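*Asks:* Numbering (our numbering), first residue to last: 1 to 492. Note that the Cβ used here is the ideal one computed from N, Cα and C, for glycine as well. In this text the structure is predicted, and so the values were computed from the model without any measurement.
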Ligand SMILES: Nc1nc2c(c(=O)[nH]1)N[C@H]1C(S)=C(S)[C@@H](COP(=O)(O)O)O[C@H]1N2
Ligand SMILES: [Mo]
């Protein structure tokens, strides 16, 4: 069961493997070397099998114990779970979800033990009473049926986990073997980064890029199995294979993607080097009807979004079917093998991961996943800025203080950023450069702060001259507004 949970949640290791790794890390080097020499490449497998045998024996002992002292079995389980938790904690970067398999496994065994122990107790009672008049339900035979069912259930869970795990491995493997012509490694433009510690890296590494989706199990699609059907209000419906798609030629661009649920000052934003195939020529090819105004996109896992057609057809905007992120095939979590990226639109109306279907249609005829739940039909990004240095609540030395952060309004661009101390005059900050209007921009300034508590606020101006509003709006229904502010304490 733990194994199934691990595979389903895409935690790389099930608890047994985590413990095995932890064990290997804690084992003295000489012993590890001996194990490797003796068992050759199979040393890891042998360790895992060893732990599994140990677990079987332990469960058998605990099961016996539970008949007389159920709490002793619980303590035993607790110790096993504790070992797994310690092993998870010993990983380089443990996250909360890594603990889920341990919890699932523990709950499964507690329930299984409770059911079986109770059954056994009643069966023995019936045996003692020895009354031939009662038709005993809790017989020895039935006990083995229930025990067998429990074991079967555990095996089924293991199998399910294996299947999900192997689909994942196949997708990872095909991702690793992909060679994409025209996809180049990212090269951060000169002057885009001030290089200030604790300001978001201008290029967000893929493994740090925020993740938002409704998929409990991430789709694992091999490129050879991927297809995109484009249909609806078109003259010539088409179905593209992965090969059809990439042979059209790759476009690349720096594009910042953000989530409509990002609060003022929040982290649901990232900037990456995206490589993909332009959508505008494909839509021209299928012959979009004049009265269409939307594209209903559907992902392999059934998520949908309605994207304004005008933005997709706009040739000045690199709306693309992306196949790579930061110079590598898309990570599975970010939509492998193909996702949509549209500069200037929030993700929930544009950035479909694992996209497999596009229906050219009208907004008045569709109901997409989030728009059916109170979010606005169209999702153009709103201008925003945030202070990342110093952090809210920081203590800083009075005098010259560097204040810095990022600002964005994709596809319009930022022309200025200003900061304000304690409600005083707005003072201009310096902007770093950007390669286009589709990315965020870093800003920095130096303030002269007197000793004491200060509030610092930031606001941006876009390249059309519109100043970011200070009016506070919630993320629902179409994105937050308001100035980000921090409170800091300048000490002598
Ligand atoms: N298939 C699918 N695609 C999706 C979503 C989803 O739930 N399912 N969420 C969207 C939302 S709300 C956002 S903000 C972006 C986030 O993309 P990321 O996870 O790659 O950062 O993906 C979009 N694409
Ligand atoms: Mo989002």
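Throw me the rounded Cβ distance for the residue 486 and residue 456 pair, which I believe falls under 8 Å.
*Replies:* Taking the first residue of the chain shown as position 1, residue 486 is located at position 486. Taking the first residue of the chain shown as position 1, residue 456 is located at position 456. Contact holds; Cβ gap of about 5 Å.
*Asks:* Whole alpha helix (DSSP H) runs in the stretch 196 to 233 with 4 or more residues, listed along the chain?
*Replies:* Entirely contained in the stretch 196 to 233, not one alpha helix (DSSP H) run reaches 4 residues.
*Asks:* Hey, would you say the C-beta of residue 341 is under 7 Å away from at least one heavy atom of ligand 2?
*Replies:* Here the question's residue 341 lines up with position 341 in the chain shown. Answer for residue 341: no, Cβ out of range of ligand 2.
*Asks:* Any chance the CB of residue 212 is under 7 Å from a heavy atom of ligand 1?
*Replies:* Against the chain shown, residue 212 aligns to sequence position 212. Because some heavy atom of ligand 1 lies under 7 Å away, the Cβ of residue 212 counts as near it: yes.
*Asks:* Run the CB neighbour count on residue 281, radius 10 Å, all protein chains shown included, and call it buried at 16 or more, exposed below.
*Replies:* One-based indexing of the chain shown puts residue 281 at position 281. With fewer than 16 Cβ atoms within 10 Å of its Cβ, residue 281 is classed as exposed.
*Asks:* In whole angstroms, what separates the C-alpha of residue 218 from that of residue 447?
*Replies:* Mapped onto the chain shown, residue 218 falls at position 218. Mapped onto the chain shown, residue 447 falls at position 447. For residue 218 and residue 447, the distance between alpha carbons rounds to 46 Å.
*Asks:* Where does residue 451 fall in DSSP's three states?
*Replies:* The residue given as residue 451 occupies position 451 in the chain shown. Coil at residue 451, not helix or strand.
*Asks:* Going by the CB atoms, is the gap between residue 58 and residue 80 shorter than 8 Å?
*Replies:* Against the chain shown, residue 80 aligns to sequence position 80. Against the chain shown, residue 58 aligns to sequence position 58. For residue 80 and residue 58, yes; Cβs fall inside 8 Å.
*Asks:* Taking 7 Å as the line, does the beta carbon of residue 347 fall inside it for any heavy atom of ligand 2?
*Replies:* Against the chain shown, residue 347 aligns to sequence position 347. Correct: residue 347 has its Cβ closer than 7 Å to ligand 2.
*Asks:* Go ahead and label residue 359 buried or exposed: buried means 16 or more other beta carbons lie within 10 angstroms of its beta carbon, across all protein chains shown.
*Replies:* Within the chain shown, numbered from 1, the residue matching residue 359 stands at position 359. Per the 10 Å Cβ criterion, buried.
*Asks:* Looking at the secondary structure, which residues open and close the alpha helix (DSSP H) in which residue 245 lies?
*Replies:* In the chain shown, residue 245 corresponds to position 245, counting from 1. Residue 245 -> alpha helix (DSSP H) spans 242 to 246.
*Asks:* Over the uninterrupted beta strand (DSSP E) stretch that includes residue 339, give me the two end residues.
*Replies:* Reading the chain shown from its first residue, position 339 is the one you call residue 339. Segment 339 to 341, the beta strand (DSSP E) holding residue 339.
*Asks:* Is residue 233 closer than 8 Å to residue 272 when the C-beta atoms are compared?
*Replies:* If you number the chain shown from 1, residue 272 lands on position 272. If you number the chain shown from 1, residue 233 lands on position 233. Cβ atoms of residue 272 and residue 233: not closer than 8 Å.
*Asks:* To which residues of the same chain is residue 253 closer than 8 Å at the C-beta, ignoring the five residues directly before and after it?
*Replies:* Within the chain shown, numbered from 1, the residue matching residue 253 stands at position 253. Once the five neighbours on either side are set aside, the close Cβ partners of residue 253 are 273, 274, 318, 320, 343, 436 and 438.
*Asks:* What does DSSP give as the partner residue(s) for residue 181 in the beta ladder?
*Replies:* Within the chain shown, residue 181 is the residue found at index 181, counting from 1. Residue 181 pairs with nothing; no bridge assigned.
*Asks:* Where residue 276 and residue 259 are concerned, what is the direct C-alpha to C-alpha distance, given to the nearest angstrom?
*Replies:* On the chain shown, position 276 is the one that residue 276 refers to. On the chain shown, position 259 is the one that residue 259 refers to. Looking at the two C-alpha atoms, the distance is approximately 21 Å.
*Asks:* Taking Cβ to Cβ, would you say residue 302 is nearer than 8 Å to residue 294?
*Replies:* As a working note, residue 302 is residue 302 in the chain shown. As a working note, residue 294 is residue 294 in the chain shown. Contact flag unset, no.
*Asks:* If we count the other Cβ atoms within 10 Å of its Cβ and call it buried at 16 or more, is residue 78 buried or exposed?
*Replies:* Numbered from its first residue, the chain shown carries residue 78 at position 78. So residue 78 counts as exposed.
*Asks:* Taking the continuous alpha helix (DSSP H) assigned at residue 309, which residues delimit it?
*Replies:* Taking the chain shown and counting its residues from 1, one reaches residue 309 at position 309. Taken as a continuous stretch (DSSP letters only), the alpha helix (DSSP H) holding residue 309 covers 309 to 313.
*Asks:* Rounded to the nearest angstrom, what separates residue 83 and residue 200 at their Cα positions?
*Replies:* Working through the chain shown from its first residue, we reach residue 83 at position 83. Working through the chain shown from its first residue, we reach residue 200 at position 200. Answer to the nearest angstrom: the Cα atoms are 36 Å apart.
*Asks:* Mind checking whether the beta-carbon of residue 445 lies closer than 7 Å to any heavy atom of ligand 3?
*Replies:* Ligand 3 is not part of the structure shown, which contains ligand 1 and ligand 2 as its ligands.
*Asks:* List the residues that DSSP assigns as beta-bridge partners of residue 487.
*Replies:* Within the chain shown, residue 487 is the residue found at index 487, counting from 1. Residue pairing by DSSP places residue 487 opposite 455 in a beta bridge.
*Asks:* Should residue 173 be labelled buried (16 or more other beta-carbon atoms within 10 Å of its own) or exposed?
*Replies:* For the purposes of this step, residue 173 is taken as the residue at position 173 of the chain shown. Exposed, since its Cβ has fewer than 16 Cβ neighbours within 10 Å.
*Asks:* Give every residue of the same chain whose Cβ lies closer than 6 Å to the Cβ of residue 313, excluding the five residues on either side of it in the sequence, and list them in chain order.
*Replies:* Here residue 313 is taken as the residue at index 313 of the chain shown, counted from 1. Once the five neighbours on either side are set aside, the close Cβ partners of residue 313 are 280 and 283.
*Asks:* Can you check which of these residues, 460, 464 and 477, is closest to residue 470 by C-alpha distance?
*Replies:* Mapped onto the chain shown, residue 470 falls at position 470. In this structure, 460 is the residue among 460, 464 and 477 with its C-alpha nearest to the C-alpha of residue 470.
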